Amino acid sequence: MLHNLAQLPRYRGLIQSLVARELKARYRGSVLGFFWSFVNPLLLLLVYSIVFAYIMPARFTGGEEPKPFADAYPYGVFLFCGLLPWTWFASSLNESAGVLISGGNLIKKVLFPAEVLPIVTALANMVHFLLGLPILVLFLAYYRAPITLGELAWFPIIVLVQLIFTTSLGLLVAALTVHFRDIRDILSNVLSLWFFATPIIYPWQHAPDLGKWFLNANPFTHLAISYQEVLFFKGPFGHWRWLLALAAASLGLFLFAYFVFDRLRDTFAEEV
Amino acid sequence: MANAIELTNASKVYRRFAHRRQFATLKSALLSRSLVRDLRPDETFTALNNVTVSVPRGQTLGVIGRNGSGKSTMLKLVAGITKPTSGTVKVNGRISALIELGAGFHPEISGRENVFINGIMLGLTKRDIAARFDEIVEFAEMKDFIDAPVKTYSSGMYMRLGFAVAIHVDPEVLLVDEVLAVGDEGFTHKCLDKFAEFKRRGKTILLVTHSLGMVERFCDDALWLDGGRIKGSGDPKRIVGAYVTDVEKREERELAATDAKARHDANAVVVSPDEPASAVLPDNPVDTATAAGDMFRAAEGRWGSREIEIAEVRFVGPDRESGHVFHSGDRVDIQIRLRAPLPIDDFVVGIGIFNADGTCCYGTNTYLEELAPETISGDAEATFTIESLDLVEGTYKVDVAVHKVDGYPYDYHRLLHTFRVKSRVKDVGIYRPRHTWGFSKNMRFKELREPRS
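As you go down the protein sequences, you meet chains C and D in turn.
FYI, this note's numbering numbers position 82 of the first sequence as 137, with every residue one higher than the one before it.
FYI, this note's numbering numbers position 381 of the second sequence as 412, with every residue one higher than the one before it.
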């Protein structure tokens with residue numbers, strides 16, 4: 056396993072070109088092309104804003120609520136801070152589930168490092184996430200969000216932690232789906248439950264006490280809170296202990312996922 | 032000299048799931064708590080069984096064998112795509128596998144981008160590919176289309192581009208699986224030239240093919256796999272010869288089996304002698320010969336009163352052994368054993384030979400050849416000797432019949448007997464006249480071309 060893991064950096068050229076291919080191929084043939092990377096999150100933001108501003112107005116005026124940076128609570132912007140990374144996470148996992156099966160030709164017919172496929176999936180979706188950021192920045196600038204440089208320095212770290220976490224789960228999901236195709240179907244439901252069990256459409260402080268304990272056990276909670284604290288809420292970044300703990304856990308998870316993947320590797324060519 | 036490829040007692044066992052297993056899912060696995068048991072194969076298929084081969088550096092090994100004999104499995108083991116279940120596989124040097132050409136091409140992006148990505152997958156760097164790019168495109172004959180998305184390519188273009196990339200990886204060990212059928216004659220020649228160049232430059236080639244001519248011409252060694260085991264290895268000419276003989280024997284057995292089945296089926300529906308089926312079916316071989324169109328309607332069958340019975344029909348080849356597969360030009364005897372319980376003085380023996388299209392190639396009988404019947408009684412035998420079986424390659428069906436001069440059938444075997452003609456020369460038609468070519472001095476031919484077999 057460690058030997059294979061050590062090989063991973065050698066594939067960076069391959070990973071790089073596959074990510075580029077993934078991005079190029081995705082919008083090939085559509086009129087707006089790359090523009091969709093911006094338009095998609097914008098539309099998503101619009102939908103959620105309409106739902107929670109007009110259809111089911113969210114009332115977040117609890118006592119211990121941290122002060123947002125503006126008087127008028129720009130709920131859409133809050134939402135966006137959690138939604139954008141979640142989209143990256145969820146679509147990575149969804150795509151990972153099918154990636155070995157659809158890439159079966161490569162695995163069966165060419166000597167090809169299979170772990171590259173879920174990694175490429177996570178990275179390609181990260182690029183989409185990064186391309187969505189300008190929209191968020193635009194809104195933050197519009198509401199004059201008081202972001203300090205000190206806080207902003209945490210941002211790449213959060214992204215990195217999420218990348219490791221997403222890749223780890225992607226590897227697991229990809230490897231197991233080869234043997235149990237059911238995972239593909241279960242996964243989308245698990246992810247929508249997971250979405251609501253994460254403080255993305257509501258702030259963490261609004262959860263009941265019992266729910267808070269539960270939310271703390273959810274790794275993505277800490278990513279969402281980190282994004283929100285850095286980008287949305289006033290004040291210094293207070294969640295860093297959790298974030299670093301999650302970083303450590305993610306590294307552990309990555310080793311575990313890679314171990315599982317490596318053990319199952321030889322069965323891929325026969326099963327896909 | 033070091034070995035480029037070494038297989039030691041390599042076996043590959045595939046799991047084969049029964050239908051129930053195939054649909055085993057996570058849910059059922061969890062519910063029945065048989066997760067571990069389900070992951071364990073209960074039925075296995077040994078694709079490769081204890082194979083030990085070594086290919087010295089710079090040698091070309093041809094692997095032949097029937098479908099399902101383990102050729103591709105062996106190639107996959109050498110390529111490292113699958114691991115052997117037991118034994119070891121060692122390969123020294125960079126491998127390029129021409130197994131699935133263009134595997135990993137992405138349909139939406141251009142040929143140019145795919146060449147780069149494919150090359151990187153095969154272990155080149157971007158710079159390597161850029162340096163070879165023009166050569167690759169030139170080789171694939173794709174100059175005009177290289178910037179079009181791959182999904183617009185024809186399958187031939189796809190394969191050519193895949194081939195071109197794979198062959199420009201500059202491997203030390205080249206694995207080839209039946210890929211020469213990717214282009215027109217010209218492209219195939221280019222591929223062959225490229226192989227020859229590889230050979231000259233001392234690369235190791237493992238060639239899996241059904242083209243026996245290529246094995247004879249190209250390979251230093253041949254390996255014959257059968258049912259996952261090595262059935263023979265060594266000099267290509269010898270191995271190919273042994274393989275061809277074996278294939279003929281197998282065809283022989285298959286033909287004998289289908290023949291026996293046809294006769295058995297025909298016997299099951301014996302037409303009663305009182306109502307001769309000759310009313311609807313052409314009842315003597317000569318009629319059949321003139322009414323070739325009827326062949327399309329006519330099915331295999333057997334009818335007649337059995338006052339004279341055809342007990343057995345055998346084809347006897349030049350080796351004086353009974354068989355079903357002959358070579359064009361062989362001397363073949365058709366031996367017909369007859370049984371007449373009571374003496375009979377009105378009888379005609381006839382033969383008709385039909386090709387797969389149902390065209391009558393030849394038909395005759397003793398009456399047509401002006402042999403007047405006198406008597407037959409007890410066990411008798413008639414032999415129809417074909418001095419030279421001048422037919423082109425193919426499968427032929429034979430009618431054998433005994434009937435009265437007026438056509439009343441004693442025993443009529445309609446298309447119940449089969450033989451096959453094999454030939455090195457793939458000429459066309461039905462009849463091959465004995466022939467030779469002659470040329471004037473100012474008209475010459477090169478050395479004999481590779482015979483396609």
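All residues carry an ideal CB built from backbone N, CA and C; glycine is no exception.
Remember, it's a predicted structure, so these values are computed and weren't measured experimentally.
Residue i - containing beta strand (DSSP E), residue span
| i | result |
| --- | --- |
| Gly-416 of chain D | The sequence given here has Thr at residue 416 of chain D, not Gly. That run of the beta strand (DSSP E) goes 407–417. |
| Ala-304 of chain C | Looking at the DSSP string, Ala-304 of chain C is not in any beta strand (DSSP E); the run it does join, the alpha helix (DSSP H), is 295–326. |
| Lys-43 of chain D | 34–46 |
Beta-carbon neighbours of residue i, restricted to chain C and to distances below 7 Å
| i | result |
| --- | --- |
| Met-152 of chain D | Leu-69, Val-165, Phe-167 |
| His-137 of chain D | Arg-76, Ala-80 |
| Ala-134 of chain D | Asn-160, Leu-161, Lys-164, Val-165 |
| Ala-110 of chain D | Leu-166 |
Residue i (DSSP reduced to helix, strand or coil)
| i | result |
| --- | --- |
| Phe-76 of chain D | strand |
| Leu-399 of chain D | coil |
| Ala-338 of chain C | The structure shown does not extend to residue 338 of chain C, since chain C is modelled only from 56 to 327, so the question has no answer here. |
| Cys-136 of chain C | helix |
| Thr-183 of chain D | helix |
| Thr-240 of chain D | coil |
| Phe-476 of chain D | coil |
| Leu-153 of chain D | coil |
| Glu-119 of chain C | Model confidence at Glu-119 of chain C stands at a pLDDT of 47, short of 50, so the residue's coordinates are unreliable; what they give is reported in the following sentence. In this structure, Glu-119 of chain C counts as coil in the three-state DSSP scheme. |
| Leu-420 of chain D | coil |
| Tyr-439 of chain D | coil |
| Leu-166 of chain C | coil |
| Trp-255 of chain D | strand |
| His-466 of chain D | coil |
| Glu-481 of chain D | Low confidence applies here, because Glu-481 of chain D scores a pLDDT of 49, under 50, leaving its location unreliable; read the following figure in that light. Coil at Glu-481 of chain D, not helix or strand. |
| Gly-142 of chain D | helix |
| Lys-268 of chain D | helix |
| Gly-158 of chain C | coil |
| Lys-453 of chain D | strand |
| Leu-447 of chain D | strand |
| Gly-131 of chain C | helix |
Span of the alpha helix (DSSP H), counted from its first residue to its last, around residue i
| i | result |
| --- | --- |
| Glu-175 of chain D | Glu is not the amino acid found at residue 175 of chain D; the sequence shown has Asp there. Counting along the chain, Asp-175 of chain D falls outside any alpha helix (DSSP H), and DSSP gives it neither H nor E. |
| His-183 of chain C | 171–197 |
| Thr-276 of chain C | 274–286 |
| Tyr-82 of chain C | 67–82 |
| Ala-432 of chain D | Where Ala-432 of chain D is concerned, there is no enclosing alpha helix (DSSP H), although the beta strand (DSSP E) it sits in stretches over 425–434. |
| Gly-265 of chain D | Note, Gly-265 of chain D: premise wrong, no alpha helix (DSSP H); beta strand (DSSP E) at 260–265. |
| Trp-91 of chain C | 91–105 |
| Leu-60 of chain C | 57–62 |
Listed by chain order, chain D residues near residue i by CB distance under 8 Å
| i | result |
| --- | --- |
| Arg-199 of chain C | Within 8 Å Cβ-Cβ: nothing; Arg-199 of chain C doesn't reach chain D, min ~42 Å. |
| Glu-325 of chain C | Tyr-45, Arg-46, Thr-113 |
| Gly-290 of chain C | Ordered by position in chain D, no residue passes the 8 Å Cβ test against Gly-290 of chain C, which lies about 45 Å from the chain. |
Per-residue contacts from residue i into chain C (C-beta, under 9 Å)
| i | result |
| --- | --- |
| Ile-148 of chain D | Leu-69, Ser-72, Leu-73, Ala-75, Arg-76 |
| Ala-128 of chain D | Lys-164, Val-165, Leu-166 |
| Glu-74 of chain D | The premise fails here: Glu-74 of chain D is roughly 14 Å from chain C at the closest Cβ pair, so nothing lies under 9 Å. |
Partners in chain C for residue i, counting only beta-carbon separations shorter than 8 Å
| i | result |
| --- | --- |
| Ala-528 of chain D | With chain D covering only 32 through 484, there is no way to say anything about residue 528 of chain D. |
| Thr-156 of chain D | Gly-68 |
| Glu-37 of chain D | Within chain C, no residue comes near Glu-37 of chain D; the closest Cβ sits about 17 Å away, beyond 8 Å. |
| Glu-131 of chain D | Asn-160, Lys-163, Lys-164, Val-165 |
Interface partners of residue i on chain D, CB under 9 Å
| i | result |
| --- | --- |
| Gly-84 of chain C | Glu-139, Pro-180 |
| Asp-321 of chain C | Thr-113, Lys-114 |
(request) Could you pull out every unbroken beta strand (DSSP E) segment of at least 3 residues lying fully inside the segment 322–390 of chain D, listed in chain order? (result) Within the segment 322–390 of chain D, the complete beta strand (DSSP E) runs of at least 3 residues are 332–334, 340–347, 356–358, 363–375, 379–386.
(message) If we require 4 or more residues per run, which alpha helix (DSSP H) segments fall completely within the segment 68–136 of chain D?
(response) Within the segment 68–136 of chain D, the complete alpha helix (DSSP H) runs of at least 4 residues are 102–110.
(request) Any chance you could list the alpha helix (DSSP H) runs of at least 4 consecutive residues sitting entirely within the segment 194–267 of chain C, in chain order? (result) You should have 204–207, 209–234, 237–251.
(message) Does the structure place the segment 422–435 of chain D close enough to the segment 458–473 of chain D that three or more beta carbon pairs sit under 8 Å?
(response) Output reads yes: the segment 422–435 of chain D touches the segment 458–473 of chain D.
(request) Count the CB pairs spanning the segment 289–309 of chain C and the segment 213–223 of chain C that are closer than 8 Å, and state whether there are at least three. (result) Touching, yes, given that three or more Cβ pairs across the two stretches are closer than 8 Å.
(request) Could you tell me which uninterrupted beta strand (DSSP E) segments, each at least 3 residues in length, are contained entirely in the segment 186–234 of chain D, listed from first to last along the chain? (result) Within the segment 186–234 of chain D, the runs of beta strand (DSSP E) that reach at least 3 residues and sit entirely inside it are, in chain order, 204–208.
(request) Check whether the segment 229–242 of chain D touches the segment 184–191 of chain D, counting contact only when three or more Cβ pairs, one atom from each stretch, lie closer than 8 Å. (result) No, they do not touch.
(message) Can you confirm whether the segment 70–88 of chain C touches the segment 157–177 of chain C when touching is taken to mean that 3 or more C-beta pairs between the two stretches lie within less than 8 Å?
(response) With a cut-off of 8 Å, the segment 70–88 of chain C and the segment 157–177 of chain C count as touching, because enough Cβ pairs lie within range.
(message) Whether or not the segment 178–195 of chain C and the segment 236–250 of chain C are in contact is what I'm after, with contact meaning three or more pairs of Cβ atoms, one per stretch, closer than 8 Å; do they touch?
(response) Under the three-pair Cβ rule at 8 Å, the segment 236–250 of chain C does not count as touching the segment 178–195 of chain C.
(request) Could you say if the segment 335–343 of chain D and the segment 368–385 of chain D meet the contact criterion of at least three C-beta pairs nearer than 8 Å? (result) Between the segment 335–343 of chain D and the segment 368–385 of chain D there are three or more inter-stretch CB-CB distances shorter than 8 Å, so the stretches are counted as touching.
(request) Inspect the CB distances between the segment 89–97 of chain D and the segment 248–264 of chain D and report whether three or more fall short of 8 Å. (result) A contact exists between the segment 89–97 of chain D and the segment 248–264 of chain D.
(request) Count the CB pairs spanning the segment 278–285 of chain C and the segment 128–143 of chain C that are closer than 8 Å, and state whether there are at least three. (result) With a cut-off of 8 Å, the segment 128–143 of chain C and the segment 278–285 of chain C count as touching, because enough Cβ pairs lie within range.
(request) Evaluate contact between the segment 356–363 of chain D and the segment 290–299 of chain D, counting only Cβ atoms and requiring at least three cross-stretch pairs below 8 Å. (result) No, they do not touch.
(request) Would you be able to state if there are at least three C-beta pairs under 8 Å between the segment 268–288 of chain D and the segment 434–451 of chain D? (result) Yes, since at least three Cβ pairs between the segment 434–451 of chain D and the segment 268–288 of chain D fall closer than 8 Å, the two stretches touch.
(message) Three Cβ pairs or more, each shorter than 8 Å: is that satisfied between the segment 151–168 of chain C and the segment 109–121 of chain D?
(response) Touching, per the Cβ criterion.
(request) Spell out a yes or no on whether the segment 254–272 of chain D and the segment 215–234 of chain D are touching, meaning 3 or more CB-CB pairs, one atom from each, closer than 8 Å. (result) No: the two stretches stay apart, fewer than three of their Cβ pairs being nearer than 8 Å.
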